[in-house]
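These notes concern the structure reproduced below.
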Amino acid sequence: MTIKYIFLVSRQAKIRLAKWYTMSSQKEKAKTMKEVSQLVLARKPKQCNFVEHRDTKVVYRKYASLYFVAGIGLDDNELLMLEIIHRYVEVLDRYFGNVCELDLIFQFQKAYFILDEMIMAGELQESSKKTVLRVIAQQDETEAVENSERGWGDINLEGVARTAMLTVQELKQSFAR
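Numbered continuously in this note's numbering, the sequence shown closes out at residue 177.
The following block contains the structure:
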């Protein structure tokens, strides 16, 4: 099964995460995301979670206020894609502890890391929740060690910078003074 794209969209049609596994221009990607988002958001809750769009079968599932949307080939198994989406949500939920939209907004890099651990080049690479979570925990440990070596300790620089309305680079420079 070849996955063409995965993106998360809110009920307000805001893209929260987007990952493409096929080559397309930025203009084409934006057009596809807009069209597919409108298509998915317009569907009623009782309707099927599969819909065709151009040369792609769109598979989606709603969790809380987010729609997890994936585009696959017309001949691919849509039930398998629904399972992959569900597995991704389970891993996110276990990592963040009851994941919500704000977790994905403020810690989007972790959501991408988890997705990258599971899917590579449009193919499912790792389906084990334990394995994915172990690798992400190792990344967190490495990041903590690197931060402590730099003298930053356990500071979440992105969160601090966002609160102070600075870039991370500006924040680092203010510490260096």
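By construction, the Cβ of each residue, glycine as well, lies at the ideal position given by its N, Cα and C atoms.
### Task
Starting from L104, trace the alpha helix (DSSP H) both ways and give me its first and last residue.
Counting from 1 along the sequence shown, the entry for residue 104 is found at position 104. Looking at the DSSP string, the run of the alpha helix (DSSP H) that includes L104 is 101-106.
### Coil, strand or helix - L74 by DSSP
Locating residue 74 in the sequence shown gives position 74, where the first residue counts as 1. In the structure shown, L74 adopts coil according to DSSP, grouped into three states.
### Query
Alpha carbon to alpha carbon, what distance is there between L133 and Q107?
Residue numbering aside, residue 107 sits at position 107 when the sequence shown is read from its first letter. Residue numbering aside, residue 133 sits at position 133 when the sequence shown is read from its first letter. Using only the alpha carbons, I get a separation of about 15 Å.
### Message
Please list the terminal residues of the continuous beta strand (DSSP E) segment that includes R16.
### Response
Position 16 of the sequence shown, counted from the first residue, corresponds to residue 16. Start and end: 15-20.
### Message
Less than 8 Å between the C-beta atoms of L188 and A111, yes or no?
### Response
This structure does not reach residue 188, given that the chain is present from 1 up to 177, and the question cannot be answered.
#### Entry: Nearest neighbour of E123, chosen from I84, K129, E28, V89 [CA to CA]
Counted from its first residue, the sequence shown places residue 123 at position 123. It is I84.
### Neighbour-count burial assignment, V145, 16 or more Cβ in a 10 Å radius
Position 145 of the sequence shown, counted from the first residue, corresponds to residue 145. Exposed is the call here.
### Nearest-angstrom beta carbon gap, A64 and M81 [assumed within contact, 8 Å]
By one-based count along the sequence shown, residue 81 stands at place 81. By one-based count along the sequence shown, residue 64 stands at place 64. The distance from the Cβ of M81 to that of A64 is about 20 Å, inconsistent with a contact at the 8 Å cut-off.
### Message
Can you tell me which residues form a DSSP beta bridge with Y67?
### Response
Translated into positions along the sequence shown, residue 67 becomes position 67. Its beta-bridge partners are V9, K62.
### Backbone secondary structure at M23 - three-state DSSP
Position 23 of the sequence shown holds residue 23. If DSSP states are grouped into helix, strand and coil, M23 belongs with coil.
### Task
Please say whether R61 and F68 have beta carbons closer to each other than 8 Å?
For this step, residue 68 is matched to residue 68 along the sequence shown. For this step, residue 61 is matched to residue 61 along the sequence shown. A contact, by the Cβ cut-off of 8 Å.
### Message
Going by beta-carbon coordinates alone, are V59 and E35 separated by less than 8 Å?
### Response
Reading the sequence shown from its first residue, position 59 is the one you call residue 59. Reading the sequence shown from its first residue, position 35 is the one you call residue 35. Against a cut-off of 8 Å, the Cβ pair of E35 and V59 comes out as no contact.
### Query
Since E126 is in the beta strand (DSSP E), which residue starts that stretch and which ends it?
In the sequence shown, residue 126 corresponds to position 126, counting from 1. Per DSSP, E126 belongs to no beta strand (DSSP E) and is neither H nor E.
### Task
Please list, in chain order, all residues of the same chain as M118 whose beta carbon is under 8 Å from its beta carbon, the five residues on each side excluded.
The residue labelled residue 118 in the question sits at position 118 within the sequence shown. The answer, listed in chain order, is I84, R87, Y88, V91, L124, Q125, E126, S127, V132.
### Message
What does the alpha-carbon distance come out to for the pair G73 and K130?
### Response
As a working mapping, residue 73 is identified with position 73 in the sequence shown. As a working mapping, residue 130 is identified with position 130 in the sequence shown. Straight across, the Cα-Cα distance linking G73 with K130 is about 29 Å.
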